[in-house]
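Enquirer: Heads up: the sequence shown runs through residues 4 to 318, numbered per the working numbering.
By construction, the Cβ of each residue, glycine as well, lies at the ideal position given by its N, Cα and C atoms.
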Amino acid sequence: MKGWISSRGLQQTPKYLPCRYFYDDRGSQLFEQITDLPEYYPTRIEQSILENCALDIARLTGSCELVELGSGSSRKTRILLEAYDTLHNELQYCPIDVSAGILKTTALDLLNSYPRLKLCGLAGTYEQALAQLPPRELENRMLIFLGSTIGNLNQEECDRFLTLIQQALEPGEFFLLGVDLQKDISIIEAAYNDAQGITAAFNLNILNHLNWRFQGNFDTDQFEHWAFYNPIKNQIEMHLRSLTLQTARLEVLNFQVALEEGETIHTEISRKFHLPTLMATLEAKALKPLQTWTDLNAWFGLVLCQRQCIGAECP
Ligand code: SAH
Ligand code: AVI
């Protein structure tokens with residue numbers, strides 16, 4: 004990854020960092036801990052939805068290779084693999100993640116669990132990986148994006164991302180998307196301000212990652228976690244707030260950043276979606292929603308889309 008990408012946000016007002024920098028080995032571990040927190044409902048609910056609908060998904064797509072963006076520990080994907088295993092003979096899975104450590108560990112675990120699995124992991128960003136997907140060998144392909152990670156993209160990034168998905172799929176192929184839905188603000192805010200402070204450690208760890216990657220000297224004790232719901236944008240915003248007037252250097256980038264006491268670095272947004280609006284957005288990208296599943300409270304949604312033909316692609 005190029006250095007200027009990370010220093011650019013630190014030169015803006017207000018300062019920001021790309022949220023993919025959360026995910027070094029420690030960040031991936033902390034995220035896994037977050038998914039087990041009592042306050043962090045999205046993983047548990049998405050898992051329960053998948054348990055109910057994985058066989059339906061496998062029946063709807065038929066034999067299909069699974070390509071997952073931001074796969075992390077692939078914990079929930081195992082539910083899909085089990086369903087395909089139950090219904091079909093061939094099991095093909097391509098996990099993609101910017102965090103190479105968790106990608107490798109997960110790939111080895113999966114190969115142990117499913118002896119018939121053909122696996123091809125790609126370490127890199129969504130853009131890098133989608134540009135170099137190996138040609139498919141099975142009758143169909145499904146791109147998977149779980150965990151509401153799409154909510155970490157702002158509207159413009161999301162629009163570009165969905166265009167990439169459209170371009171990576173052939174007509175008839177599938178896209179499975181997990182999204183966190185709008186709900187009572189207190190429930191959402193609690194999920195990003197857990198009592199054990201794991202989300203705070205995850206947020207602060209972005210600075211440790213920069214220190215490691217760019218020989219930096221950020222002192223995490225001089226920052227605090229700050230997360231709140233922005234009701235206008237329907238998103239959680241996570242920031243790091245400087246507790247003092249300070250400077251930090253990133254040696255490899257030959258870059259120094261100064262922060263006032265109270266100044267913030269914006270580290271993440273996590274958008275919460277209105278399902279009908281999202282479905283219209285998907286449809287406008289030639290990703291036609293075939294079926295959606297939610298939990299009883301409609302806190303989380305899973306949408307299975309099929310890529311439609313456009314223009315000259317159509318018979
Ligand atoms: N899909 C899993 C993990 C979600 S955490 C789940 O639902 O629980 C988000 C994952 O996306 C992390 O593993 C992180 O390393 C990866 N990630 C974040 N930004 C990325 C990017 N720009 N390109 C590729 N992977 C990314
Ligand atoms: C990966 N992503 C969808 C998580 C989220 O909820 O936005 C990351 C996270 N940030 C704080 N807690 C979890």
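1) Since residue 33 contacts residue 209 with CB under 8 Å, what's their CB separation in whole angstroms?
2) Output yes or no for whether 9 Å exceeds the beta carbon distance between residue 275 and residue 184.
3) Looking at the ligand SAH, does it come within less than 8 Å of residue 112, judged from the CB to the closest heavy atom?
4) Whether or not the stretch 158-171 and the stretch 47-67 are in contact is what I'm after, with contact meaning three or more pairs of Cβ atoms, one per stretch, closer than 8 Å; do they touch?
5) Around the Cβ of residue 27, are there at least 16 other Cβ atoms within 10 angstroms (buried) or fewer (exposed)?
6) Note down, in chain order, each residue of its chain lying with its Cβ closer than 7 Å to the Cβ of residue 323, except the 5 sequence neighbours on either side.
7) If you count every other CB in all the chains shown that lies within 10 Å of the CB of residue 251, and 16 or more means buried, which is it?
8) With distances taken Cα to Cα, identify the nearest neighbour of residue 24 among 238, 205, 279, 293.
9) Please classify residue 29: does DSSP put it in a helix, a strand, or coil?
10) Per DSSP, which one or two residues make a beta bridge with residue 18?
11) Using a C-beta cutoff of 9 Å, does residue 124 count as contacting chain B?
12) May I have the straight-line CA-CA distance separating residue 315 from residue 136, to the nearest angstrom?
13) Thinking C-beta only, is residue 297 closer than 9 Å to residue 40?
14) In whole angstroms, give me the CA-to-CA distance for residue 225 and residue 103.
15) How would you write the range of the beta strand (DSSP E) that residue 215 sits in, first residue to last?
16) Rounded to whole angstroms, what's the CA-CA distance from residue 49 to residue 181? Just pull it up for me.
17) Entirely within the stretch 153-206 and at least 4 residues each: give me those alpha helix (DSSP H) ranges in chain order.
18) If we require 4 or more residues per run, which alpha helix (DSSP H) segments fall completely within the stretch 61-118?
19) Does the beta-carbon of residue 155 have 16 or more other beta-carbons within 10 angstroms, so that it is buried, or is it exposed?
20) Could you pull the DSSP bridge partners for residue 233 from this structure?
21) Whole angstroms is fine: what's the gap from residue 306's alpha carbon to residue 294's?
22) How big is the Cα-Cα spacing for residue 304 and residue 254?
23) Check whether the Cβ of residue 251 sits closer than 8 Å to any heavy atom of the ligand AVI, and report yes or no.
24) Would residue 119 and residue 68 be called neighbours here (beta carbons separated by less than 9 Å)?
25) Pick helix, strand or coil for residue 151, following the three-state DSSP scheme.
26) Since residue 178 and residue 168 should fall inside the 8 Å C-beta cutoff, what is the C-beta to C-beta distance between them, to a whole number of angstroms?
27) Sort out for me which residues DSSP pairs residue 314 with in a bridge.
Expert: On the basis of the coordinates in this document:
1) Looking up residue 33 in the sequence shown gives position 30. Looking up residue 209 in the sequence shown gives position 206. The pair is not a contact, with the Cβ atoms about 10 Å apart (cut-off 8 Å).
2) Locating residue 275 in the sequence shown gives position 272, where the first residue counts as 1. Locating residue 184 in the sequence shown gives position 181, where the first residue counts as 1. Between residue 275 and residue 184, the gap from beta carbon to beta carbon is short of 9 Å.
3) Within the sequence shown, residue 112 is the residue found at index 109, counting from 1. Not so, every heavy atom of the ligand SAH lies at least 8 Å from the Cβ.
4) The stretch 47-67, when compared against the stretch 158-171, does not touch it at the 8 Å Cβ threshold.
5) Locating residue 27 in the sequence shown gives position 24, counting from the first residue. Residue 27 is buried by the Cβ-count criterion.
6) Look at the range of the chain in this structure, 4 to 318, and you will see that residue 323 is not part of it.
7) In the sequence shown, counting from the first residue as 1, residue 251 sits at position 248. With 16 or more other CB atoms across the displayed protein chains lying within 10 angstroms of its CB, residue 251 is buried.
8) Looking up residue 24 in the sequence shown gives position 21. 205 is the residue among 238, 205, 279, 293 whose C-alpha sits nearest the C-alpha of residue 24.
9) Residue 29 sits at position 26 when you count from the first residue of the sequence shown. Secondary structure of residue 29 (DSSP, three-state): helix.
10) Sequence index remark: in the sequence shown, residue 18 carries index 15 (1-based). Answer by DSSP bridge pairing, in chain order: 268.
11) Given the protein chain composition of this structure (a single chain), no chain B is represented.
12) By one-based count along the sequence shown, residue 315 stands at place 312. By one-based count along the sequence shown, residue 136 stands at place 133. Spanning the alpha carbons of residue 315 and residue 136 requires a straight line of approximately 23 Å.
13) By one-based count along the sequence shown, residue 40 stands at place 37. By one-based count along the sequence shown, residue 297 stands at place 294. With contacts defined as CB atoms closer than 9 Å, residue 40 and residue 297 fail to qualify as a contacting pair.
14) Here residue 225 refers to the residue found at position 222 when the sequence shown is read from its first residue. Here residue 103 refers to the residue found at position 100 when the sequence shown is read from its first residue. Cα-Cα distance, rounded: 29 Å.
15) Counting from one through the sequence shown, the residue named residue 215 turns up at place 212. Per DSSP, residue 215 belongs to no beta strand (DSSP E); it is in the alpha helix (DSSP H), 201-217.
16) Counting from one through the sequence shown, the residue named residue 49 turns up at place 46. Counting from one through the sequence shown, the residue named residue 181 turns up at place 178. Straight-line Cα distance between these residues: approximately 7 Å.
17) Qualifying alpha helix (DSSP H) stretches, in chain order: 158-171, 188-194.
18) Considered as a whole, the stretch 61-118 harbours 80-90, 103-116 as its complete alpha helix (DSSP H) runs of no fewer than 4 residues, in chain order.
19) Along the sequence shown, one-based indexing puts residue 155 at 152. By the 10 Å Cβ count, residue 155 comes out buried.
20) The sequence position of residue 233 within the sequence shown is 230, counting from 1. The bridge partners DSSP lists for residue 233 are 238.
21) Position 303 of the sequence shown, counted from the first residue, corresponds to residue 306. Position 291 of the sequence shown, counted from the first residue, corresponds to residue 294. Between the C-alpha atoms of residue 306 and residue 294 there is a straight-line separation of about 6 Å.
22) Here the question's residue 304 lines up with position 301 in the sequence shown. Here the question's residue 254 lines up with position 251 in the sequence shown. For residue 304 and residue 254, the distance between alpha carbons rounds to 44 Å.
23) The residue given as residue 251 occupies position 248 in the sequence shown. Here the distance from the Cβ of residue 251 to the nearest heavy atom of the ligand AVI is not below 8 Å.
24) By 1-based counting over the sequence shown, the position of residue 119 is 116. By 1-based counting over the sequence shown, the position of residue 68 is 65. It is not a contact, given that the beta carbons lie outside the stated cut-off.
25) The count along the sequence shown starts at 1 and reaches residue 151 at position 148. Here DSSP, grouped into helix, strand and coil, assigns residue 151 to coil.
26) Looking up residue 178 in the sequence shown gives position 175. Looking up residue 168 in the sequence shown gives position 165. Residue 178 to residue 168, Cβ: 6 Å. Contact.
27) Residue 314 sits at position 311 when you count from the first residue of the sequence shown. Looking at the DSSP assignment, residue 314 forms no beta bridge with any residue, so it has no partner.
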